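This report concerns only the one structure given below.
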Amino acid sequence: MVQDTYVQDEITQLSNLWLLDPGVTFLNHGSYGACPKAVLEAQQHLRAQLEQEPLRFFVKEWEPLLDEARHKLAAFISADANELVFVPNTTTGVNSILRSLIFDAEDELLTTSHGYNACRNALDFVASRTGVRVVVAEIPFPIDSPQQVVTAVMEQVSPKTRLALLDHVTSDTGLIFPIQQLVQELQAREVDTLVDGAHAPGMIPLNLQEINATYYVGNCHKWLCAPKGSAFLQVRRDKQPAIRPLTISHGANSPRTDKSRFQLEFDWTGTDDPTAYLCVPEAIHYMGGLLPGGWMKLMQRNHQLVFQARQLLCETLRTVPPCPEEMIGSMAVVPMPTALENRNFISVRDELFDRFNIQVQVVSWQKNPRLLVRISAQIYNTIQQYEYLARALMELVK
Ligand SMILES: Cc1ncc(COP(=O)(O)O)c(C=O)c1O
């Protein structure tokens, strides 16, 4: 099955701004993001600047650039720059918090059944070392309202609950959790919150000061389209002294007083390529300049596209949307038809790629519906690509 030529032309125009293979129908921005050529070129310039004079770069130039990147990111996500550090990815940010905190064996750590596997592993690792109990709130799926998330989480809070690890946008199910309400209600019960916001920056408008989580981690290399290896960690000021990076380096005994120990430690964790962090302002600027309405328009456009695509897939596959529109951003899942339900998710994903050149996430879910297809929508995607996916899925059902 080949795509119509006119459709291919339309897709090629915008996807030309990326390095994406024009032969692939790429519907999985969510897994690893994709960085536009212009941002990668900016990164190349910075790398050249670094390699031309490594000493000058690391002694004089790097830190002002890092601080500038921090301030531009803080403005974009409405955060206090003093509470913000860069980390290479969300997994590192989540581990940094969990492995810094000291728990008692009687404590409970709360999370949900929609948590991301890597972060859940970090939680289980900490539990295995300290004896602390991990409590999992079962979030219904399919789901009718954000309130069901709040109810399910709050039902599991006990006087022993110390910390809740909560996704802002879930990976397998693509749900936006009502994070501000969750943080408020948990704080009222004196439970600290660690928000896994891997997908949120650039997918939905973010105001970290309003959310007011104890800890918030987000990726810049997904929906902000910054280079790989760029993410941030926000830690509320009163909690900063207890939070240490996974790698202890010069910051631990630096005599400097112009920055917090928290930033001195996280800003330098050994020699590395810092250019992904330094390109975050370029990614914010570039992506925000693609549509006349800037970032708001881009996020709206991506949401509308994924919503429309979800409808058409559900209609074609005769399945039911598993959550209300308000709970999706620019990713959505669609239950697979019963005829495919018992197939292994990897074989379905591979067949879509091998036979149709479609790159899309196929999810094996814990309960019915057992098999989900997760679509992403970024500016380089068009509705015709999801129509093509729908036709390909119908071929699989045959
Ligand atoms: C909800 C969630 N948390 C964490 C991660 C991990 O992100 P990273 O691989 O950048 O650490 C992902 C990645 O997709 C995710 O979806």
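Numbers 13 to 410, taken from the working numbering, label the letters of the sequence shown in order.
Where is the CB? At the ideal position from N, CA and C, for every residue including glycine.
None of these values were measured; they are calculated from a predicted model.
I'd like to confirm something about residue i: is its beta-carbon nearer than 7 Å to some heavy atom of ligand 3, or not?
i: residue 41; result: In terms of ligand content, the structure shown lacks ligand 3 and carries ligand 1 instead.
Between the alpha carbons of residue i and residue j, how many angstroms are there, rounded?
i: residue 72; j: residue 55; result: 18 Å
i: residue 62; j: residue 76; result: 14 Å
i: residue 187; j: residue 357; result: 20 Å
i: residue 45; j: residue 230; result: 13 Å
i: residue 125; j: residue 303; result: 37 Å
i: residue 378; j: residue 384; result: 11 Å
i: residue 406; j: residue 282; result: 51 Å
i: residue 197; j: residue 168; result: 12 Å
i: residue 152; j: residue 111; result: 29 Å
i: residue 120; j: residue 335; result: 29 Å
i: residue 25; j: residue 296; result: 21 Å
i: residue 242; j: residue 199; result: 29 Å
i: residue 38; j: residue 326; result: 19 Å
i: residue 134; j: residue 106; result: 8 Å
i: residue 244; j: residue 202; result: 25 Å
i: residue 400; j: residue 49; result: 26 Å
i: residue 331; j: residue 354; result: 16 Å
i: residue 31; j: residue 308; result: 24 Å
i: residue 136; j: residue 305; result: 43 Å
i: residue 249; j: residue 274; result: 9 Å
i: residue 8; j: residue 159; result: Residue 8 lies beyond the stretch modelled for the chain, which goes from 13 to 410, so this question has no answer here.
i: residue 84; j: residue 292; result: 8 Å
i: residue 287; j: residue 233; result: 12 Å
i: residue 380; j: residue 172; result: 32 Å
i: residue 351; j: residue 191; result: 36 Å
i: residue 7; j: residue 170; result: Since the displayed the chain opens at 13 and closes at 410, residue 7 lies outside it and no answer follows.
i: residue 394; j: residue 66; result: 43 Å
Could you give the C-beta distance for residue i and residue j, rounded to a whole number, given that I count them as a contact under 8 Å?
i: residue 162; j: residue 212; result: No, residue 162 and residue 212 are not in contact; Cβ-Cβ is about 18 Å, not under 8 Å.
i: residue 299; j: residue 236; result: 7 Å
i: residue 411; j: residue 109; result: The requested residue 411 does not occur in the structure, where the chain is confined to residues 13 to 410.
i: residue 239; j: residue 51; result: 6 Å
i: residue 374; j: residue 185; result: About 13 Å; that fails the 8 Å criterion.
i: residue 360; j: residue 408; result: 7 Å
i: residue 122; j: residue 149; result: 6 Å
i: residue 368; j: residue 404; result: 4 Å
i: residue 246; j: residue 80; result: Their Cβ separation, rounded to whole angstroms, is 18 Å, which puts residue 246 and residue 80 out of contact at 8 Å.
i: residue 371; j: residue 36; result: 5 Å
To which residues does DSSP link residue i through a beta bridge?
i: residue 122; result: 147, 176
i: residue 245; result: 97, 229
i: residue 152; result: Paired residue(s): none; residue 152 is not in a bridge.
i: residue 205; result: 176
i: residue 343; result: 388
Using a Cβ-Cβ distance cut-off of 8 Å, determine whether residue i contacts chain B.
i: residue 233; result: No chain B is part of this structure, which consists of one protein chain only.
Review point. Is the region 137–154 touching the region 257–277, taking contact as three or more C-beta pairs under 8 Å?
Key: no
**Study point:** Touch test, the region 202–211 against the region 171–181, Cβ-Cβ under 8 Å, three pairs minimum
**Key:** yes
Review point. Are at least three pairs of beta-carbons, each pair with one atom in the region 88–95 and one in the region 112–121, less than 8 Å apart?
Key: no
Exercise for review: Give a yes or no on contact between the region 213–221 and the region 349–367, applying the rule of three or more CB pairs nearer than 8 Å.
Suggested key: no
Point to revise | Contact between the region 312–326 and the region 384–399 (3+ Cβ pairs under 8 Å) | key: yes
Check your understanding: Does the region 246–266 touch the region 275–293, meaning 3 or more C-beta pairs lie closer than 8 Å?
Key -> yes
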